[in-house]
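Notes for the one structure printed next.
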Amino acid sequence: MGITALGVGVLAQTQLSYTQAQVDLGKTTYSAQCVMCHGAQLQGVSGPALAGDKFLKKWGRNTLDDFYYIMSTSMPQTNPGSLSKDQYLAIEAYVLDTNGFKAVGDKSLAQEDLKSFKFTK
Amino acid sequence: MKLKWAVAILGLSLIASMAGAQVSGPTQAELNNSAMARDSWLMYNKSYTGTRYATLTQINTTNVGQLQRVCTFATNDLGAFQDTPIVYKGVAYITQEDKTYAIDATNCNKLWEYDYQPSGPEVLSTNRDVAIYNGMLFRGTGDAHLLALDAATGKLLWNVQVQDSSNGYFTSSAPIVWNNMIFMGDAGADWGIKGQMHAFNVSDGSKVWDFNVIPTGSEAGADTWGSADSTATGGGSMWTSYTLNVATGKLYISIGNPAPDFASAYRPGANLYTDSVIVLDAKTGKLDHYYQQISGDNKDFDTSAAPIIYTLNGNLMMSVATKQGYLFTYDDSTKQQLYKVETTSHLNMDKPPTTEGTRICPNYTGGSQWSGPAYSPTTQMLYVNSIDYCGVVKLGEVRLVKGQLFFGGSMELDDVSKAKGYTTAYDAATGKQIWRFEPGARSPGGVTVTAGGLVLTSDTAGNMYALNAKTGAVLFKTNIDNAPSGGGISTYEVNGKQYMAIAVGNSSKGATGVGAVAARLAIFALP
């Protein structure tokens, strides 16, 4: 059992998974850093929407790694790159969850998994 | 497509036959007189010359202190609002991302609104306003279309796609119209576009010509791109509006930064025609001449605000203010640069970005963003709004994510409390500073100057000011609902009474912060 679990852990995910703890941390971080421009429902205010049809239309063809790259190099707008890797990953999990990806599981979303998945449900 | 044009033309014929309730102008003759016109504000920068000088004198240095707000029209839209209201026959036309409004320019009553339904992803919410001609309004969109609306009703007349917005293109500038052509360029350099300038037919939106702002192959200037591959994402935006010399038919266009913004090693060379003012033959789209302000930019210092043209001592002058915090003036008859003067402080302008970070002043939200100089023939001074604001630019990975920001690095801004705004008057002949006013907050909005001796400006704390054009003394100050202002003030007469209309609201989170006070049009007059 232990060996099996370890084996799965070092392989890239084949099914998208993030933890509830990541979603929670993502929501907290989002509320502090992103909400003023992107809105409480991620609906977009002065910044673009991060949830809904418009968002998925825009990002549908991209990998989660592309989103991570753009977010972690250009956001927060006044201090790009200032959050930790775990915080950026958590925000991405929160964005996925809000968009109805329903992938809460035991496995955390990790940076090495991001290239395997797209913003398509 | 042919069917769509046929329907559009049929629509126009129907409109032409429904005289009376329709808006029939402005005619080309009225547009040609836009600089002198007292009853209108026909283009983003007032007239073809772009000088934002109004001949009105009813409100002047002796009575401006009595100015009162007549009314306010709130759009309740938190997106960008950088218009200078276009006014014709007592109606003000304003735009935001998807909405276009016609508002009574004396009492703020809404006459109509049009809500655009985009067909592609919208890249940015900024839209700077309409062009108006012959009963029609023309505007760009966040998904890179060009629309024609009936000025009387807001009804859509035609809709053409200019570029594919999924590749980062959009059309945010306020177009201008001349000789039955609409002039509109692409925006989106920071998303890795390859910019083009265009002319379209007013009747159906059909293309008249394109000009490649990023030259390739045998085009002049292609040799300024050391890596041919990099031209595919070379940038070169047209952000704001356009300037035209009606006597010569020459079109003056500011071209923004190259992309990726900070990683200049990816695109070695001078990168023409980025960070330049290009001058095209408006009828053919052929290049006449150009002036480059920065060669091989690595800090996102667009030449973005429209250039202005004016005659001084018998010579045709062209002035332009840039994001790098300089005011340039050229003698356009001899093509010589007359002067380059600072509009902000400067630090490490010649040092390239590093992965560790290079501290620079200004940062990419500083200098003159989308508002250029105003020029008064009375004082022979140029009035420039600029922002003094520093930051740290860092070099990073160059990765193109289709339709997303393509910076090749990042910019960290200082705390916004350290940013300063200026309104500065310069002797147009020499560039010598005459006076400087510091409003206490940033000043990305447009400057307007009047024959009544007033300089009208605003700041991101929601203040609107009337200054003495000769001295910079504050003659009037009011706060408009704490709405951060990045728009401009148009002034016009209706039934012999002079009004001032200002666009304020959450103008741009990048340039004015995230203060969430929604967009509004406020109109002022004497009691």
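Sequence lines, in order, name chains A and B.
In terms of numbering that gives the first Met the number 0, the first sequence opens at residue 0 and continues consecutively.
In terms of numbering that gives the first Met the number 0, the second sequence opens at residue 0 and continues consecutively.
Glycine included, every Cβ here is placed at the ideal spot set by N, Cα and C.
> Where do the ends of the beta strand (DSSP E) carrying C70 of chain B lie?
Replying inline: Locating residue 70 of chain B in the second sequence gives position 71, counting from the first residue. Start and end: 67-73.
> For the region 397-416 of chain B, which residues have a beta carbon sitting closer than 8 Å to at least one beta carbon of chain A?
Replying inline: R398, V400, K401, G402, Q403, L404, F406, G408, S409, M410, E411, L412, V415
> What are the start and end residues of each continuous beta strand (DSSP E) run of 3 or more residues lying completely inside the region 279-354 of chain B, in chain order?
Replying inline: 286-291, 307-311, 314-320, 325-330, 335-341
> Does DSSP classify T232 of chain B as helix, strand or coil?
Replying inline: As a working mapping, residue 232 of chain B is identified with position 233 in the second sequence. Helix.
> Whole-angstrom Cβ separation of W111 of chain B and T140 of chain B, contact assumed at under 8 Å?
Replying inline: For this step, residue 111 of chain B is matched to residue 112 along the second sequence. For this step, residue 140 of chain B is matched to residue 141 along the second sequence. Wrong, their Cβ atoms sit about 18 Å apart, outside the cutoff.
> Which chain B residues are close to G104 of chain A, counting only those with a beta carbon under 8 Å from its beta carbon?
Replying inline: Position 105 of the first sequence, counted from the start, is the residue given in the question as residue 104 of chain A. Result: empty, since nearest Cβ-Cβ is about 26 Å, beyond 8 Å.
> Thinking C-beta only, is I488 of chain B closer than 9 Å to R519 of chain B?
Replying inline: Within the second sequence, residue 519 of chain B is the residue found at index 520, counting from 1. Within the second sequence, residue 488 of chain B is the residue found at index 489, counting from 1. No, the Cβ-Cβ distance between R519 of chain B and I488 of chain B is not below 9 Å.
>> Any beta carbon of chain C sitting closer than 9 Å to that of A79 of chain B?
In response: Annotation note: the requested chain C is absent from the structure, which comprises protein chains A and B.
> Under the rule that 16 or more other beta-carbon atoms within 10 Å means buried, what is A524 of chain B, buried or exposed?
Replying inline: Within the second sequence, residue 524 of chain B is the residue found at index 525, counting from 1. When all chains shown are included, A524 of chain B counts as buried.
>> So Y87 of chain A contacts chain B; which residues on that side make the cut at Cβ distance below 7 Å?
In response: Mapped onto the first sequence, residue 87 of chain A falls at position 88. Those do not exist, as Y87 of chain A stays about 13 Å from chain B at its closest Cβ, beyond 7 Å.
>> Determine whether the beta carbon atoms of K496 of chain B and T105 of chain B lie at a separation below 9 Å.
In response: Along the second sequence, one-based indexing puts residue 496 of chain B at 497. Along the second sequence, one-based indexing puts residue 105 of chain B at 106. Against a cut-off of 9 Å, the Cβ pair of T105 of chain B and K496 of chain B comes out as a contact.
> Which whole-angstrom value is the C-beta distance of S375 of chain B and Y421 of chain B, which I expect to be below 8 Å?
Replying inline: Your numbering for residue 375 of chain B matches position 376 in the second sequence. Your numbering for residue 421 of chain B matches position 422 in the second sequence. Incorrect: roughly 18 Å between the Cβ atoms, too far for contact.
>> Can you tell me whether Q42 of chain A is helix, strand or coil according to DSSP?
In response: Numbered from 1 along the first sequence, position 43 holds the residue referred to as residue 42 of chain A. Q42 of chain A falls in the coil class under three-state DSSP.
> With 9 Å set as the bound, which would you pick, yes or no: does the beta-carbon of G80 of chain A sit closer than that to a beta-carbon of chain B?
Replying inline: Numbered from 1 along the first sequence, position 81 holds the residue referred to as residue 80 of chain A. Yes, G80 of chain A counts as interfacial toward chain B.
>> Once the 5 residues before and after V63 of chain B are set aside, which same chain residues still bring their CB inside 8 Å of it?
In response: One-based indexing of the second sequence puts residue 63 of chain B at position 64. If we look at V63 of chain B and ignore the five residues flanking it on each side, its Cβ neighbours are G451, L453, A465, L474, F475.
> Can A262 of chain B be considered in contact with the ligand NAP, in the sense that its beta carbon sits closer than 8 Å to one or more heavy atoms?
Replying inline: Among the components of this structure there are no ligands whatsoever, and the ligand NAP is therefore not found.
> Using the beta-carbon of each residue, which ones in chain A are nearer than 7 Å to N505 of chain B?
Replying inline: By one-based count along the second sequence, residue 505 of chain B stands at place 506. S45, listed in chain order.
> What is the DSSP secondary structure of M180 of chain B, reduced to helix, strand or coil?
Replying inline: Working through the second sequence from its first residue, we reach residue 180 of chain B at position 181. Three-state result, M180 of chain B: strand.
> So, does the CB of T72 of chain A fall closer than 9 Å to a CB anywhere in chain B?
Replying inline: Within the first sequence, residue 72 of chain A is the residue found at index 73, counting from 1. Interface residue, yes.
> Whose C-alpha, out of B:S442, B:A472, B:K285, B:Y251, is nearest the C-alpha of D458 of chain B?
Replying inline: Numbered from 1 along the second sequence, position 459 holds the residue referred to as residue 458 of chain B. Nearest C-alpha to D458 of chain B: B:S442.
> Does the beta carbon of D65 of chain A sit closer than 9 Å to a beta carbon anywhere in chain B?
Replying inline: Counting from 1 along the first sequence, the entry for residue 65 of chain A is found at position 66. Yes, D65 of chain A counts as interfacial toward chain B.
> With respect to the alpha helix (DSSP H) encompassing Q21 of chain A, which residues constitute its N-terminal and C-terminal limits?
Replying inline: What you label residue 21 of chain A is simply residue 22 of the first sequence in a count that begins at 1. Counting along the chain, the alpha helix (DSSP H) containing Q21 of chain A begins and ends at 19-32.
> Under three-state DSSP, which class holds L11 of chain B?
Replying inline: Here residue 11 of chain B refers to the residue found at position 12 of the second sequence. Confidence at L11 of chain B is low in this model, with a pLDDT of 46, below 50, so its placement is unreliable and the value that follows should be read with caution. Helix at L11 of chain B.
> Exposed or buried, Y67 of chain A, counting other C-beta atoms within 10 Å across all chains shown (16 or more means buried)?
Replying inline: Here residue 67 of chain A is taken as the residue at index 68 of the first sequence, counted from 1. Buried: at least 16 other Cβ atoms inside 10 Å.
>> Would you say N61 of chain A lies against chain B (beta-carbon separation less than 9 Å)?
In response: As a position in the first sequence, residue 61 of chain A is number 62, starting the count at 1. Judged by the 9 Å Cβ criterion, N61 of chain A is in contact with chain B.
> Is the region 215-227 of chain B in contact with the region 144-159 of chain B, if contact means three or more CB pairs nearer than 8 Å?
Replying inline: no
> Looking at chain A, which residues of the region 384-395 of chain B have a Cβ within less than 7 Å of any of its Cβ atoms?
Replying inline: G395
> Where does A102 of chain A sit, in a helix, a strand or coil, going by DSSP?
Replying inline: In the first sequence, counting from the first residue as 1, residue 102 of chain A sits at position 103. A102 of chain A: coil per DSSP, three-state reduction.
> Excluding the five sequence neighbours on either side, which residues of its own chain have a C-beta within less than 6 Å of the C-beta of A269 of chain B, listed in chain order?
Replying inline: Taking the second sequence and counting its residues from 1, one reaches residue 269 of chain B at position 270. Closer than 6 Å at Cβ, skipping near neighbours: T223, S294, G295.
>> Taking only three categories from DSSP, how would you classify Y464 of chain B?
In response: Numbered from 1 along the second sequence, position 465 holds the residue referred to as residue 464 of chain B. Looking at Y464 of chain B - three-state DSSP - the assignment turns out to be strand.
>> Quick check: is the beta carbon of E121 of chain B nearer than 9 Å to any beta carbon in chain A?
In response: The sequence position of residue 121 of chain B within the second sequence is 122, counting from 1. Cβ-Cβ to chain A under 9 Å: yes for E121 of chain B.
> Within this structure, are the beta carbons of R307 of chain B and T61 of chain B separated by less than 9 Å?
Replying inline: In the second sequence, the residue the question calls residue 307 of chain B occupies position 308. In the second sequence, the residue the question calls residue 61 of chain B occupies position 62. The displayed chain sequence assigns Ile, not Arg, to residue 307 of chain B. No; because the gap between Cβ atoms is not below 9 Å, this pair is not in contact.
>> I'd like to know if S124 of chain B contacts chain A, where contact means its C-beta is closer than 9 Å to some C-beta of that chain.
In response: Numbered from its first residue, the second sequence carries residue 124 of chain B at position 125. Yes, S124 of chain B counts as interfacial toward chain A.
> How about M180 of chain B and N200 of chain B: do their beta carbons lie closer than 9 Å?
Replying inline: Position 181 of the second sequence, counting from 1, holds the residue named residue 180 of chain B. Position 201 of the second sequence, counting from 1, holds the residue named residue 200 of chain B. Going by C-beta atoms, M180 of chain B is nearer than 9 Å to N200 of chain B.
> With F405 of chain B and D189 of chain B assumed to form a contact (beta carbons below 8 Å), what rounded beta-carbon distance in angstroms separates them?
Replying inline: As a working note, residue 405 of chain B is residue 406 in the second sequence. As a working note, residue 189 of chain B is residue 190 in the second sequence. That pair is a contact at about 6 Å.
> Expressed to the nearest angstrom, what Euclidean distance is found between the alpha-carbon atoms of F100 of chain A and F54 of chain A?
Replying inline: Within the first sequence, the letter at position 101 stands for residue 100 of chain A. Within the first sequence, the letter at position 55 stands for residue 54 of chain A. C-alpha separation (whole angstroms): 14 Å.
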